[in-house]
Amino acid sequence: MKITTENLSLFPQSNCPIEKLSTNTLSHQYRVQRWANFIAGYSIEFVEACLSDKNPTEDVVLDPFLGCGTTLVAARNLGFNSVGYEAHPIFYTLAKAKLMNYTKDDINELANKLLTEKVPTLWAKDAQKFIAKMYSESNREPICRAATAVHLTQVESKPLAVALFLKACETACEAQTDGIYKAPDSKKKSLSFQNAVELAVNMLTEDIESHWYKTHWIHQPIPRCYLKSSESMSELENNSIGICITSPPYLNNFDFAEMTRLHLYLLGWADSWKHITEKVRKNLVTNTTTALKHKKSQTFQDDKRNSLPLKLQNELAPIVGELSTQKNSHAGKKDYDFLVYPYYSQIQSVLTEVFRVLKPGGQIHWVVADAALYGVHIKTHEHSKTIMEMIGFSEITINFIRKRGHRWVLSKREGAKEGLGEYHIIAHKN
34 MKITTENLSL FPQSNCPIEK LSTNTLSHQY RVQRWANFIA GYSIEFVEAC LSDKNPTEDV
94 VLDPFLGCGT TLVAARNLGF NSVGYEAHPI FYTLAKAKLM NYTKDDINEL ANKLLTEKVP
154 TLWAKDAQKF IAKMYSESNR EPICRAATAV HLTQVESKPL AVALFLKACE TACEAQTDGI
214 YKAPDSKKKS LSFQNAVELA VNMLTEDIES HWYKTHWIHQ PIPRCYLKSS ESMSELENNS
274 IGICITSPPY LNNFDFAEMT RLHLYLLGWA DSWKHITEKV RKNLVTNTTT ALKHKKSQTF
334 QDDKRNSLPL KLQNELAPIV GELSTQKNSH AGKKDYDFLV YPYYSQIQSV LTEVFRVLKP
394 GGQIHWVVAD AALYGVHIKT HEHSKTIMEM IGFSEITINF IRKRGHRWVL SKREGAKEGL
454 GEYHIIAHKN
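So the sequence shown is numbered by the working numbering: it starts at 34 and just counts up by one.
#1: Within the stretch 242 to 301, note down every full alpha helix (DSSP H) run reaching 4 residues or more, in order along the chain.
#2: May I have the straight-line CA-CA distance separating Y377 from K418, to the nearest angstrom?
#3: Can you give, in chain order, each stretch of the alpha helix (DSSP H) that sits fully within the stretch 327 to 373 and has at least 4 residues?
#4: Return the CA-CA distance between A201 and S219, expressed in angstroms with no decimal places.
#5: Relative to the alpha-carbon of S357, which residue among L372, N347, L193 has its alpha-carbon at the smallest distance?
#6: Around the Cβ of S85, are there at least 16 other Cβ atoms within 10 angstroms (buried) or fewer (exposed)?
#7: Can you say whether E78 is buried or exposed, counting buried as having 16 or more other CB atoms within 10 angstroms of its CB?
#8: For K328, collect the residues of the same chain with a Cβ closer than 7 angstroms to its Cβ; drop the 5 residues on either side in sequence, then sort them by chain order.
#9: From this set, T104, R389, I429, which residue's C-alpha is nearest Y456's C-alpha?
#10: What's the call for G102, buried or exposed, on a 16-neighbour Cβ count within 10 Å?
#11: Taking its Cβ as the centre, do 16 or more other Cβ atoms sit within 10 Å of T248, making it buried, or is it exposed?
#12: My parser needs the beta strand (DSSP E) runs of 3 or more residues fully inside the stretch 118 to 164; what are they?
#13: Taking Cβ positions, are I164 and Y298 nearer each other than 7 angstroms?
#14: Closer than 7 angstroms by C-beta to T136: which residues in its own chain qualify, once you throw out the five before and the five after it? Chain order, please.
#15: Given 8 angstroms as the limit, is there contact between the stretch 391 to 398 and the stretch 328 to 341, that is, 3 or more CB pairs closer than that?
#16: Between which two residues does the alpha helix (DSSP H) holding E422 run?
#17: Report the rounded CA-to-CA distance for E270 versus H308, giving the unit in angstroms.
#18: Run through the DSSP bridge pairs and tell me what F433 is partnered with.
#19: D240 by DSSP, collapsed to three states: which one?
#20: Express the C-alpha separation of L453 and K360 in angstroms, rounding to a whole number.
#21: Assign V551 to one of two classes, buried (16 or more other C-beta atoms within 10 Å of its C-beta) or exposed (fewer than that).
#22: What are the boundary residues of the alpha helix (DSSP H) that includes A404?
#23: Quick check on N463: does DSSP put it in helix, strand or coil?
#24: Taking a contact to mean a Cβ-Cβ separation below 7 angstroms, would you say L132 touches P256 in this structure?
#25: Quick one: what does DSSP say K315 is sitting in, helix, strand or coil?
#26: How big is the Cα-Cα spacing for R109 and S362?
#27: So, with DSSP's three-state summary, where would you put K200?
#28: When DSSP builds the beta bridges, which residues end up paired with A469?
#29: Alpha helix (DSSP H) containing L99: first to last residue?
#30: Could you say if the stretch 266 to 283 and the stretch 180 to 191 meet the contact criterion of at least three C-beta pairs nearer than 8 angstroms?
#31: Where H296 and A69 are concerned, what is the direct C-alpha to C-alpha distance, given to the nearest angstrom?
#32: According to DSSP, which residues form a beta bridge with I309?
#33: So, at 6 angstroms on beta carbons, what are the nonlocal neighbours of D342 in its own chain, with the 5 sequence-adjacent residues on each side left out?
#34: Is it buried or exposed, T279, if we count other Cβ atoms within 10 angstroms and call 16 or more buried?
#35: Alpha carbon to alpha carbon, how far is L99 from A82? Give it in angstroms, no decimals.
#36: Leaving out five residues before and five after V401 in sequence, what residues of the same chain have Cβ atoms less than 8 angstroms from its Cβ?
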């Protein structure tokens, strides 16, 4: 359903198919949510379903992997207090933009600054080279000046400035998005940066000027958001959260630092691939081989393995061994064997914190997927259940949502014999 200023709801009236509940493909239809979106993530409807039997006056909602803010956008719309953690500065800032209150004047003022700033941002050499592949020369000049305007924006308005800037940059970009990564050799239609800013302003203004926004959204509780890893949620008291709804990074799925490389360069938040690794990737969950710097030593691997329950160690040991064997017979020699223990150790840290902050009777909704690395099937949903059991969660159920991985079948890719899937784990704290 087309969004108009007469709509009173954030969400269109639609029956979302179950296989789309775990996807974020419909976000462009929803007010505020459409300001920023990545393909990774579940739907607004999924969060609504999880909260359907909860009381906004009794339950605080937690998302330890905030991403672009889907959980908290849906929770706020339903009147819940909520809190989120996100270690990636791009995702954190875009989520904040959605979750704060703004006016039409705020948007117009920021747009004017983006289009009239005279001082260019001095992008580093690596950034310039990368950006030049994505934008015409006529667009690079106004974009680098607009980046300065974003940098000079006051703290309270900066999230909106970033969202407006990046939305315009996406429309002005000449490179197509292949999956989640920008493909410089794959071209798409683009607008001038000025026209792209005007288009973004129209969209944001339409939402902010809507009856729903003015009479409902701005009166709902503004969530608390923290730019840090959720492996420690020291800001939250024991037994203070009613429900956790989240989806952790999937093993060997998306490199969230790489997929935001262009954003980081455009804003001047990173100077090089090395800078991204040291300042961004190191703070994220270790889920891809690009994140293994300083994590391959025997001491590090042993430490992460020993942090896990003995039952899980026994489940993972043959998997790690087989990955090591397979690595030696493949040309790429990917270090998948070094991913397993660090990944599950970090997941365990987050789940331990979630259990601590959940109140008795609280629930966790955990969306995750399995993986097949060099043909070795890693049943992440079952391993996550093992961790939950060891921590103290009870009444744990694993629900299959949909098949995945079948859209990018390659002859050289070795998948799991039974296929890959996405799963919704529900657990309780008694």
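Idealized CB from N, CA, C, for every residue including glycine.
Concretely, from the data shown:
#1: 244 to 248, 294 to 300
#2: Taking the first residue of the sequence shown as 1, we reach residue 377 at position 344. Taking the first residue of the sequence shown as 1, we reach residue 418 at position 385. The straight-line gap from Cα to Cα measures roughly 11 angstroms.
#3: 331 to 339, 343 to 360
#4: Position 168 of the sequence shown, counting from 1, holds the residue named residue 201. Position 186 of the sequence shown, counting from 1, holds the residue named residue 219. Taking the straight line from one Cα to the other gives about 19 angstroms.
#5: Stepping through the sequence shown from its first residue, residue 357 is reached at position 324. The residue with the shortest Cα to Cα distance from S357 is L372.
#6: As a first step, residue 85 is located in the sequence shown; it is residue number 52 there, counting from the start. It is exposed - the Cβ of S85 has fewer than 16 other Cβ atoms within 10 Å.
#7: Within the sequence shown, numbered from 1, the residue matching residue 78 stands at position 45. Classification of E78: buried, given that the 10 Å Cβ count is 16 or more.
#8: Your numbering for residue 328 matches position 295 in the sequence shown. Counting only Cβ-Cβ distances below 7 angstroms, and skipping sequence neighbours, we find T319, F371, P375.
#9: As a first step, residue 456 is located in the sequence shown; it is residue number 423 there, counting from the start. The shortest C-alpha separation from Y456 is found at I429.
#10: One-based indexing of the sequence shown puts residue 102 at position 69. With 16 or more other Cβ atoms within 10 Å, it is buried.
#11: As a first step, residue 248 must be located in the sequence shown, where it is residue number 215. Its Cβ having fewer than 16 others within 10 Å, T248 is exposed.
#12: none
#13: For the purposes of this step, residue 164 is identified with residue 131 of the sequence shown, where counting begins at 1. For the purposes of this step, residue 298 is identified with residue 265 of the sequence shown, where counting begins at 1. Yes, the Cβ-Cβ distance between I164 and Y298 is below 7 angstroms.
#14: Within the sequence shown, residue 136 is the residue found at index 103, counting from 1. If we look at T136 and ignore the five residues flanking it on each side, its Cβ neighbours are I241.
#15: Verdict: no, contact absent.
#16: Start at 1 with the first residue of the sequence shown, and residue 422 comes out as number 389. First-last of the alpha helix (DSSP H) with E422: 413 to 424.
#17: Here residue 270 refers to the residue found at position 237 when the sequence shown is read from its first residue. Here residue 308 refers to the residue found at position 275 when the sequence shown is read from its first residue. Rounded to whole angstroms, E270 and H308 show a C-alpha spacing of 34 angstroms.
#18: Here residue 433 is taken as the residue at index 400 of the sequence shown, counted from 1. Y456.
#19: For the purposes of this step, residue 240 is identified with residue 207 of the sequence shown, where counting begins at 1. Three-state DSSP puts D240 in a helix.
#20: The residue given as residue 360 occupies position 327 in the sequence shown. The residue given as residue 453 occupies position 420 in the sequence shown. As the crow flies, the alpha-carbon of K360 is around 21 angstroms from that of L453.
#21: Within the shown structure, residues of the chain are numbered from 34 to 463, placing residue 551 beyond reach of any answer.
#22: Here residue 404 corresponds to residue number 371 of the sequence shown, with the count starting at 1. No alpha helix (DSSP H) contains A404, which is instead part of the beta strand (DSSP E) from 404 to 406.
#23: Taking the sequence shown and counting its residues from 1, the one referred to as residue 463 is at position 430. The answer is coil: DSSP assigns N463 none of H, G, I, E or B.
#24: Translated into the one-based positions of the sequence shown, residue 132 becomes position 99. Translated into the one-based positions of the sequence shown, residue 256 becomes position 223. Taking 7 angstroms as the Cβ cut-off, L132 and P256 qualify as a contacting pair.
#25: What you label residue 315 is simply residue 282 of the sequence shown in a count that begins at 1. Helix.
#26: Position 76 of the sequence shown, counted from the start, is the residue given in the question as residue 109. Position 329 of the sequence shown, counted from the start, is the residue given in the question as residue 362. C-alpha separation (whole angstroms): 51 angstroms.
#27: Within the sequence shown, numbered from 1, the residue matching residue 200 stands at position 167. Three-state result, K200: helix.
#28: Because residue 469 is not part of the residues shown, which for the chain are 34 to 463, the question remains open.
#29: The residue given as residue 99 occupies position 66 in the sequence shown. It is not in any alpha helix (DSSP H) - L99 carries neither H nor E in the DSSP assignment.
#30: no
#31: Counting from 1 along the sequence shown, the entry for residue 296 is found at position 263. Counting from 1 along the sequence shown, the entry for residue 69 is found at position 36. Approximately 12 angstroms, taken between the alpha carbons.
#32: One-based indexing of the sequence shown puts residue 309 at position 276. The partner list for I309 (beta bridge, DSSP) is empty, contrary to what the question assumes.
#33: In the sequence shown, the residue the question calls residue 342 occupies position 309. It should be pointed out that residue 342 corresponds to Pro in this sequence rather than to Asp. Short of 6 angstroms from the beta carbon of P342, and not among the five residues preceding or following it, lie these beta carbons of its own chain, in chain order: M423.
#34: For the purposes of this step, residue 279 is taken as residue 246 along the sequence shown, with counting starting at 1. Buried, because 16 or more other Cβ atoms sit within 10 Å of the Cβ of T279.
#35: By 1-based counting over the sequence shown, the position of residue 82 is 49. By 1-based counting over the sequence shown, the position of residue 99 is 66. Roughly 18 angstroms between the two C-alpha positions.
#36: Here residue 401 is taken as the residue at index 368 of the sequence shown, counted from 1. Excluding residues within five positions, the ones whose Cβ falls inside 8 angstroms are S280, P281, Y283, T413, H414, S417, E455, Y456, I458.
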